[in-house]
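Chemist: Residue numbers for the sequence shown follow our numbering, so the first one is 2 and each next one is one higher.
We put the CB at the ideal spot given by N, CA and C, even for glycine.
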Amino acid sequence: MKKHFTILIFFLITFTIIAQQQYDAKINELIGKMTLKEKIGQMTQGVPWAKNLEEGIREGHFGSLLNAGDIDTKMKYQKLAVEESRLGIPLLFGRDVIHGYRTVMPLPLALGATWNPELVENTCRVAAYEASQQGIHWTFAPMMDITRDPRWGRIVESPSEDPYLASQMAVAMVKGFQGDKLSDKYSMAACAKHYVGYGASEAGRDYNTTLIPETELRNVYLAPFKAAVKAGVATIMSGFNDLNGVPASGNIHTIRNILKNEWGFDGFVVSDWKSIDQMVEHGFAKDDKQAAEKAVKAGVDMEMAGTSYLENLERLVEEGKISVSEIDDAVRRILKIKFELGLFDNPFRELEGEKAILTDENKEVAREAARESFVLLKNEGILPLKENYKRIAVIGPMADSGEDQIGTWTPDGKGEEAITPLTSLKNFYGNKIKYVKALDNSRDTNKDFDEAIETASNSDIVLLFLGEDAILSGEAHCRTYLNLPGSQSELIRQIEKTGKPIVLIIMAGRPLTFSEEAGLADAVIYAWHPGTMGGPAIVDILSGKFSPSGRLPVTFPRTVGQIPIYYNHRNTGRPAPKDVQASIPLGTPANPIDYFSYYLDAPNTPAYPFGFGLSYTEFEYDDLKLSADTMEVDGSITISVKVKNVGDYDAQEVVQLYVRDLYGSITRPVKELKGFKKIFLKSGEEKIVTFTLKASDLAFYNSENKWVIEPGEFKLWVGPNSSEGLETEFEIK
Ligand code: GLC
2 MKKHFTILIF
12 FLITFTIIAQ
22 QQYDAKINEL
32 IGKMTLKEKI
42 GQMTQGVPWA
52 KNLEEGIREG
62 HFGSLLNAGD
72 IDTKMKYQKL
82 AVEESRLGIP
92 LLFGRDVIHG
102 YRTVMPLPLA
112 LGATWNPELV
122 ENTCRVAAYE
132 ASQQGIHWTF
142 APMMDITRDP
152 RWGRIVESPS
162 EDPYLASQMA
172 VAMVKGFQGD
182 KLSDKYSMAA
192 CAKHYVGYGA
202 SEAGRDYNTT
212 LIPETELRNV
222 YLAPFKAAVK
232 AGVATIMSGF
242 NDLNGVPASG
252 NIHTIRNILK
262 NEWGFDGFVV
272 SDWKSIDQMV
282 EHGFAKDDKQ
292 AAEKAVKAGV
302 DMEMAGTSYL
312 ENLERLVEEG
322 KISVSEIDDA
332 VRRILKIKFE
342 LGLFDNPFRE
352 LEGEKAILTD
362 ENKEVAREAA
372 RESFVLLKNE
382 GILPLKENYK
392 RIAVIGPMAD
402 SGEDQIGTWT
412 PDGKGEEAIT
422 PLTSLKNFYG
432 NKIKYVKALD
442 NSRDTNKDFD
452 EAIETASNSD
462 IVLLFLGEDA
472 ILSGEAHCRT
482 YLNLPGSQSE
492 LIRQIEKTGK
502 PIVLIIMAGR
512 PLTFSEEAGL
522 ADAVIYAWHP
532 GTMGGPAIVD
542 ILSGKFSPSG
552 RLPVTFPRTV
562 GQIPIYYNHR
572 NTGRPAPKDV
582 QASIPLGTPA
592 NPIDYFSYYL
602 DAPNTPAYPF
612 GFGLSYTEFE
622 YDDLKLSADT
632 MEVDGSITIS
642 VKVKNVGDYD
652 AQEVVQLYVR
662 DLYGSITRPV
672 KELKGFKKIF
682 LKSGEEKIVT
692 FTLKASDLAF
702 YNSENKWVIE
712 PGEFKLWVGP
722 NSSEGLETEF
732 EIK
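#1: What is the DSSP secondary structure of residue 655, reduced to helix, strand or coil?
#2: Where are the alpha helix (DSSP H) runs, 4 residues long or more, that stay fully inside the segment 207–285, in chain order?
#3: Which class does residue 91 belong to by DSSP, given the choice of helix, strand or coil?
#4: Is the segment 149–166 touching the segment 191–200 in the sense that three or more CB pairs, one from each, lie closer than 8 Å?
#5: Kindly indicate the opening and closing residues of the alpha helix (DSSP H) around residue 406.
#6: With a threshold of 6 Å, establish whether the CB of residue 141 neighbours any heavy atom of ligand 1.
#7: Could you check what DSSP says for residue 721 in three-state terms: helix, strand or coil?
#8: Anything with a beta carbon under 7 Å from a heavy atom of ligand 1 counts; list them all in chain order.
#9: Should residue 5 be labelled buried (16 or more other beta-carbon atoms within 10 Å of its own) or exposed?
#10: Assign residue 466 to one of three DSSP states: helix, strand, or coil.
#11: As a quick exercise: from 34, 276, 200 and 230, pick the residue whose alpha carbon is nearest that of residue 46.
#12: In the DSSP assignment, find the unbroken alpha helix (DSSP H) run with residue 115 in it and report its ends.
#13: Considering just the uninterrupted stretch of the beta strand (DSSP E) at residue 46, what are its terminal residues?
#14: Between 122, 126, 303 and 423, which lies nearest to residue 44 when the distance is taken from Cα to Cα?
#15: Using a threshold of 7 Å, state whether the C-beta atoms of residue 102 and residue 92 are closer than that.
#16: Taking the C-alpha atoms as reference points, what is the distance between residue 473 and residue 408?
#17: Between which two residues does the beta strand (DSSP E) carrying residue 676 extend?
#18: Would you decide whether residue 341 is buried or exposed? Buried here means 16 or more other CB atoms lie within 10 Å of its CB.
#19: If we define contact as Cβ-Cβ less than 7 Å, is residue 599 a contact residue for chain D?
#20: Would you identify the three-state DSSP class for residue 701, choosing helix, strand or coil?
#21: Which residues share a DSSP beta bridge with residue 312?
#22: Just to confirm my understanding: we take residue 475, look at its own chain, exclude 5 residues before and 5 after, and list those with CB closer than 7 Å. What are they?
#23: Can you tell me whether residue 325 is buried or exposed? The criterion is at least 16 other CB atoms within 10 Å of its CB, across all chains shown.
#24: Run through DSSP, which three-state label would residue 479 get?
#25: From residue 528 to residue 611, what does the alpha carbon distance come to, in whole angstroms?
#26: For the beta strand (DSSP E) containing residue 394, name the first residue and the last one.
#27: Apart from the five residues on each side of it in sequence, which residues of its chain come closer than 7 Å, Cβ to Cβ, to residue 459?
#28: Taking C-alpha atoms, which residue in 235, 698 and 223 lies nearest to residue 190?
#29: What is the residue span of the alpha helix (DSSP H) that residue 550 lies within?
#30: What did DSSP end up calling residue 387 once you bin it into helix, strand or coil?
#31: Could you name each continuous beta strand (DSSP E) segment of 3 residues or more that falls completely within the segment 329–389, going from the start of the chain to the end?
#32: Could you spell out where the alpha helix (DSSP H) holding residue 60 opens and where it closes?
#33: Residues bridged to residue 646 by DSSP?
#34: Have a look at residue 35 and residue 90 and give me their C-alpha separation to the nearest angstrom.
#35: Given a cut-off of 7 Å, decide if residue 299 and residue 257 are closer than it, judged by their beta-carbon atoms.
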């Protein structure tokens with residue numbers, strides 16, 4: 002059997018190499034025929050409103066189109082390219098299919114909260130199925146920008162603050178979008194973005210400067226991109242941000258040196274929307290021409306939406322500032338992806354169109370993903386809802402807002418196709434439900450809550466749906482306060498006075514700060530913006546059909562003042578004793594003995610830590626064992642722990658493995674996630690969960706940019722989140 006498997010692998014690898022070489026020959030032959038103008042055309046992604054678009058397609062001035070309209074429109078453009086341009090090179094159609102196409106999945110941040118890569122891969126598979134059947138070849142996803150700043154609107158698109166979890170999610174998404182082969186009917190090319198460091202935008206303000214030391218860049222921000230490249234991502238998008246004084250879309254170090262030379266990335270790099278032109282605004286280029294020159298030198302192969310390449314590269318080649326071989330390298334990469342997508346063999350793929358949209362199977366995946374993304378933050382014994390409730394008040398602006406429920410970056414999603422919590426609650430609980438919106442939207446400052454208070458007073462329990470409108474998160478939508486907008490806080494204060502139990506369900510695109518409101522509620526569920534099937538999913542959880550299993554993929558601050566706050570921070574030379582908050586009554590004399598790294602007005606700890614989430618049941622961890630307490634630099638150890646469901650509900654648990662490198666040639670984080678397993682345990686069931694930890698899993702880039710494994714002592718934890726767990730230690734000899 003093993004022999005046959007080996008032979009199969011050998012033939013598969015051989016076949017792939019042959020296919021690759023087959024493309025190489027065709028690509029070289031094609032490039033040999035192309036004029037410089039046609040080559041530059043391949044490096045240009047046009048927009049539907051470009052002037053003389055159809056003429057430009059016939060002239061070979063566009064290699065790709067962004068948001069090219071419906072199937073008929075795309076087919077019209079493709080016919081122009083294939084049948085009327087000189088060389089008939091097919092167009093590549095790109096679009097932002099970020100978290101679902103028409104069956105909208107939970108936000109990418111919410112997908113991170115599932116801690117379930119296989120499920121996340123399925124959500125992208127569904128997205129690729131629906132989108133590819135509308136003639137879309139290429140999605141500008143997954144975004145994998147690590148960020149530690151919920152003020153930044155685009156945290157909504159990030160899978161996690163942690164490089165390990167973000168990498169696992171990035172790989173799952175790439176595999177989901179791209180399938181086994183790009184030429185498969187339901188596959189589309191993925192795009193790892195925004196390369197690199199965008200999530201470190203200063204002050205959480207979008208497009209702002211990013212200053213990231215090389216070790217942090219390599220150990221944190223580049224990690225998911227490296228994983229995506231290893232997983233075969235077809236394209237990468239260069240970002241808007243100024244990275245250490247060199248804009249990401251003109252950065253030779255990150256693109257040419259690291260991505261293409263060091264990692265051997267052989268797909269192509271597309272700029273973000275006019276991020277090449279914007280290097281003039283950055284003050285990194287004198288004009289569009291110099292911006293184009295710097296972008297090509299950096300290794301940006303295709304320009305999105307701008308025309309700096311189209312208008313300047315020919316002259317730059319004539320002036321000898323850009324070589325034909327640099328142009329050819331970009332074109333070769335672009336043609337390679339077009340060949341791998343099968344566009345040359347079959348530019349007019351037969352398409353299923355609307356038949357692929359919102360199928361029951363697609364919606365079931367969306368429902369499962371939404372369910373597994375919900376994070377139970379508090380539950381004082383009132384969830385799941387008791388069967389004997391006769392009157393359930395449903396209150397708040399987020400209970401019945403399809404448009405908000407599908408969240409940001411849903412250009413093809415339709416709010417009216419979303420099944421809202423109110424709809425599902427009515428379907429499940431019938432006329433027990435009494436609904437009062439109370440506020441028009443999350444920013445409504447109205448304070449007339451009489452109807453809401455009366456309904457709450459006459460109920461057995463209140464389901465309060467608060468949060469932030471979808472439009473408050475996403476690109477260019479940053480906030481300096483993270484409280485519940487409008488008069489939502491006043492609403493919960495008024496309802497709490499009725500004395501009725503409150504289940505607070507928060508729907509938002511980022512971590513918010515809501516300690517007061519959580520204190521007024523008896524249970525809190527963070528539901529993000531859960532997508533098309535958010536309603537049925539929340540009923541699955543509230544009714545107890547499923548236990549919540551989401552875990553936070555990012556740290557939740559108590560206050561904006563704590564930001565940036567993240568679990569894998571460094572220790573400092575004066576770490577504050579755990580949970581100590583400075584208390585300095587008036588008149589206290591200055592006392593150096595109390596000089597720690599802490600605040601006078603808040604604890605250091607977050608409102609909710611990375612990896613946190615409750616369940617309807619309880620899990621007990623026991624018998625943490627290591628196969629050895631030392632390993633060589635080329636060795637590994639096995640970690641095992643017994644996990645038991647000691648509660649009354651069957652449920653999933655995310656068993657998390659963390660380590661700490663106690664000292665190194667650079668300071669190391671106080672904790673690093675190095676493994677997790679999402680397991681299902683029936684009530685009373687126990688399992689032995691094992692992890693293998695290789696010494697190479699503990700490697701990092703040191704201050705000489707060398708990828709090193711340093712002998713030394715380590716702590717290790719296995720537990721339910723980043724702030725608790727069974728502890729032991731080991732050593733690398
Ligand atoms: C936007 C975003 C990028 C997106 C692109 C195309 O500005 O930064 O994430 O894919 O433009 O819409």
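Modeler: So, from the data block:
#1: DSSP places residue 655 in strand when its eight states are reduced to three.
#2: 224–231 and 279–283, all fully within the segment 207–285.
#3: Looking at residue 91 - three-state DSSP - the assignment turns out to be coil, as it is neither helix nor strand.
#4: yes
#5: 403–406
#6: yes
#7: In the structure shown, residue 721 falls within a strand segment according to DSSP collapsed to helix, strand and coil.
#8: 67, 97, 141, 144, 194, 195, 238, 241, 273, 274, 305 and 476
#9: exposed
#10: strand
#11: 276
#12: 109–115
#13: 45–47
#14: 303
#15: no
#16: 9 Å
#17: 673–682
#18: buried
#19: No chain D appears in this structure, which consists of one protein chain only.
#20: Strand.
#21: None; residue 312 has no bridge partner.
#22: 154, 155, 157, 409, 410 and 510
#23: If you draw a 10 Å sphere on the C-beta of residue 325, you find fewer than 16 other C-beta atoms in it, and that means exposed.
#24: coil
#25: 16 Å
#26: 393–396
#27: 392
#28: 235
#29: Taken as a continuous stretch (DSSP letters only), residue 550 belongs to no alpha helix (DSSP H), as it is neither H nor E.
#30: Coil, per DSSP.
#31: 376–380
#32: It is not in any alpha helix (DSSP H) - residue 60 carries neither H nor E in the DSSP assignment.
#33: 620
#34: Our two residues, residue 35 and residue 90, have alpha carbons roughly 10 Å apart in a direct line.
#35: yes
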